[in-house]
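Below: the structure, in structure tokens.
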Amino acid sequence: MNFPIAPIQASDFAVEVDNIFLALTGLTFFFTILVLSLLLFLAIRYRRGSKHSRKGAPDEHLVMELSWSLGPLVIAIGMFVWATKPFTEVYSPPANAEEVFVIGKRWMWHIQHTNGIRENNELHVPLGRAIKLTMISQDVIHGFYVPAFRMKRDVLPGRYNTVWFQPTRPGRYHLFCSEYCGTNHSEMIGWVYVMDPADYQAWQASGGSRSTQETETPAMAGESLYNTLGCANCHGEVNNVHGPTLYGIAGKVRQFENGSTAIADDNYLRRSIIDPNAQVVKGYQNIMPAYPVGNEQGKLTEEQVLDLVAYVKTLGSAAATAPGEMAAATKPAATPAHPAPAGRTHTAIKPGASAPASKSNGSTGNVGH
Ligand code: CUA
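Structure, rendered in structure tokens:
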């Protein structure tokens with residue numbers, strides 16, 4: 002008999018979530034039935050006129066009262082501890098997870114892989130690999146929901162949300178939007194394909210299922226935007242009088258004029274593009290124009306901002322991992338040492354370091370991709 006009460010389990014989370022759900026349901030059944038049958042039994046046994054007498058029953062019974070107070074308390078705390086583990090895991094992707102960008106817009110899912118493959122309403126992932134989704138909405142709140150993975154997360158306008166999963170079973174699984182987002186909300190659906198690693202590689206090599214010519218990676222698209230928008234004029238390979246370098250800042254602590262600090266994560270990088278006044282790096286003036294996001298002409302799309310963020314994240318890391326010749330080939334000979342491995346504060350602007358390299362950073366970014 003095929004009578005499923007839950008979707009197929011296709012990720013590690015699915016097993017954990019189901020076990021917790023089953024345990025909670027089982028506990029609920031157990032106590033409901035226990036209380037209800039005791040209630041009925043006692044009500045009938047000691048009804049008015051019954052031959053059973055209640056005389057001699059104790060007014061209090063310490064052991065009984067303690068046990069029905071402490072017992073459920075222990076069970077509830079146990080459930081809490083058990084459920085906290087996967088709950089916290091869902092929000093902390095492992096460092097080696099493969100990143101995929103998701104943009105939600107009315108009414109479709111746009112997916113961008115770091116190697117440049119783009120998909121609409123489809124997401125292909127390899128089996129057994131941790132996949133981290135970095136998601137943002139271009140308009141209203143959507144929800145990225147794959148029941149088979151027991152994975153659901155809101156996709157918000159204005160900030161990146163992340164979630165991750167590790168598929169454990171090849172196949173094709175429903176993707177839903179779980180947040181009412183307007184007329185065609187019910188059509189904002191798609192498929193997640195979990196493929197054997199070999200099939201996945203072949204799929205990747207053929208350029209994915211949709212894109213034929215678009216093999217430009219997000220970081221590459223970000224790099225050309227970076228140059229078109231003239232970012233390099235102020236943000237070169239080293240700090241200059243106009244602005245701090247962006248090389249190697251990703252993931253590091255930034256210090257601001259107002260004394261506060263922040264980690265340069267995706268959301269920080271995004272905010273620094275669309276609202277640079279919000280956090281001015283210590284030692285600098287608020288001279289950068291904002292690059293707002295929107296659908297109107299002249300504004301950046303969320304996809305472009307994602308591309309820029311992806312590019313900035315490659316800055317510095319490529320130089321750090323690339324062999325020496327690469328670095329030498331793309332840097333003017335007299336370039337001073339890299340600003341100490343990122344994250345340093347930018348209190349001092351080295352006078353001698355004024356942007357000798359602003360044009361050259363283009364080609365270093367993608368090394369190794
Ligand atoms: Cu998007 Cu509902």
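Position 288 of the sequence shown, counting from 1, maps to 289 under the working numbering, and the rest follow consecutively.
Even for Gly, the Cβ is constructed at its ideal location relative to N, Cα and C.
Keep in mind that this is a model prediction, so the values were computed, not measured.
Measure how close the beta-carbons of residue 146 and residue 178 come, nearest whole angstrom, since I'm counting them as under 8 Å.
Counting from one through the sequence shown, the residue named residue 146 turns up at place 145. Counting from one through the sequence shown, the residue named residue 178 turns up at place 177. Between residue 178 and residue 146 the Cβ distance is about 7 Å, and since that is below 8 Å, they are a contact.
By alpha-carbon positions, which one of 37, 33, 205, 58 ends up nearest to residue 114?
Residue 114 sits at position 113 when you count from the first residue of the sequence shown. Measuring from the Cα of residue 114, the nearest candidate turns out to be 205.
Are residue 108 and residue 185 touching if we call contact CB-CB under 8 Å?
As a working mapping, residue 108 is identified with position 107 in the sequence shown. As a working mapping, residue 185 is identified with position 184 in the sequence shown. Cβ distance < 8 Å, so residue 108 and residue 185 count as in contact.
Do residue 257 and residue 239 have their beta-carbon atoms positioned less than 8 Å apart in this structure?
Against the sequence shown, residue 239 aligns to sequence position 238. Against the sequence shown, residue 257 aligns to sequence position 256. In this structure, residue 239 keeps its C-beta atom at 8 Å or more from the C-beta atom of residue 257.
For residue 298, which of helix, strand or coil comes out of DSSP?
For the purposes of this step, residue 298 is taken as residue 297 along the sequence shown, with counting starting at 1. Residue state, collapsed to three classes: coil.
Assuming residue 73 and residue 131 make a contact with CB atoms under 8 Å, what is their CB distance in whole Å?
The residue you call residue 73 lines up with position 72 of the sequence shown. The residue you call residue 131 lines up with position 130 of the sequence shown. Residue 73 to residue 131, Cβ: 37 Å. No contact.
Exposed or buried, what is residue 280 when buried is set at 16 or more other beta-carbons lying within 10 Å of its beta-carbon?
Within the sequence shown, numbered from 1, the residue matching residue 280 stands at position 279. Buried is the call here.
Please say whether residue 125 and residue 221 have beta carbons closer to each other than 8 Å?
As a first step, residue 221 must be located in the sequence shown, where it is residue number 220. As a first step, residue 125 must be located in the sequence shown, where it is residue number 124. Residue 125 is positioned such that its CB atom lies no closer than 8 Å to that of residue 221.
Given that a residue counts as buried once 16 or more other Cβ atoms are within 10 Å of its Cβ, and exposed if not, what is residue 267?
For this step, residue 267 is matched to residue 266 along the sequence shown. Using a 10 angstroms sphere on the CB of residue 267, the tally of other CB atoms reaches 16 or more, which defines it as buried.
How many angstroms separate the CA atom of residue 363 from the CA atom of residue 24?
Position 362 of the sequence shown, counting from 1, holds the residue named residue 363. Position 23 of the sequence shown, counting from 1, holds the residue named residue 24. For residue 363, the predicted model reports a pLDDT of 39, less than 50, meaning its position is unreliable and no value from the coordinates is stated.
Relative to the alpha-carbon of residue 289, which residue among 44, 32, 254, 276 has its alpha-carbon at the smallest distance?
Looking up residue 289 in the sequence shown gives position 288. Shortest Cα-Cα distance from residue 289 to any of 44, 32, 254, 276 involves 276.
Less than 8 Å separating the beta-carbons of residue 306 and residue 247?
Taking the sequence shown and counting its residues from 1, one reaches residue 306 at position 305. Taking the sequence shown and counting its residues from 1, one reaches residue 247 at position 246. Note that the C-beta distance between residue 306 and residue 247 is not below 8 Å.
Work out the CA separation of residue 294 and residue 234 for me, nearest whole Å.
The residue labelled residue 234 in the question sits at position 233 within the sequence shown. The residue labelled residue 294 in the question sits at position 293 within the sequence shown. Each residue's Cα considered, the two are about 21 Å apart.
Three-state secondary structure (DSSP) at residue 348?
Taking the first residue of the sequence shown as 1, we reach residue 348 at position 347. With a pLDDT of 37 at residue 348, under the threshold of 50, the predicted position of this residue should be treated as unreliable, and no value is reported.
With a threshold of 7 Å on Cβ separation, who are the neighbours of residue 262 within its own chain once the five nearest residues in sequence on each side are excluded?
In the sequence shown, residue 262 corresponds to position 261, counting from 1. Contacts found: 254, 255, 256.
Just to confirm, does residue 108 get its C-beta within under 7 Å of one of the non-hydrogen atoms of the ligand CUA?
As a position in the sequence shown, residue 108 is number 107, starting the count at 1. Result yes, Cβ under 7 Å from the ligand CUA.
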